[in-house]
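Numbering (my numbering), first residue to last: 1 to 86.
Glycine included, C-beta positions come from ideal geometry on N, C-alpha and C.
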């Protein structure tokens with residue numbers, strides 16, 4: 001399983017944002033908005049850190065989780081649920 005330990009809080013916030021959306025919608029999240037044009041954006045430092053860790057790809061507008069990033073996100077959600085599914 002991809003490990004998120006050692007990531008900065010800003011980088012973890014990207015995963016927390018995605019986890020929130022997945023948990024609240026019940027839909028699998030594979031990408032999140034990087035910059036929405038209304039003043040909300042992911043930290044540039046966090047994006048570079050996550051790209052360097054091969055957890056995401058980003059184009060300035062959207063952050064897409066790599067397979068390794070998707071695995072890490074699902075692991076985070078599983079830990080939040082205490083190991084239970086769904």
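I'd like the span of the alpha helix (DSSP H) that includes residue i, first residue to last.
i: residue 47; result: 44-52
i: residue 25; result: 9-25
Can you give me the start and stop residues for the beta strand (DSSP E) that residue i sits inside?
i: residue 58; result: 56-58
i: residue 64; result: 62-65
For residue i, write down the residues that DSSP places opposite it in a beta bridge.
i: residue 31; result: 64
Nearest to residue i by alpha carbon, out of the options?
i: residue 11; options: 26, 67, 34; result: 34
i: residue 80; options: 44, 7, 15; result: 15
i: residue 54; options: 72, 62, 61, 82; result: 72
Please determine if the segment 32-48 and the segment 67-74 are in contact, where contact requires at least 3 C-beta pairs separated by less than 8 Å.
no
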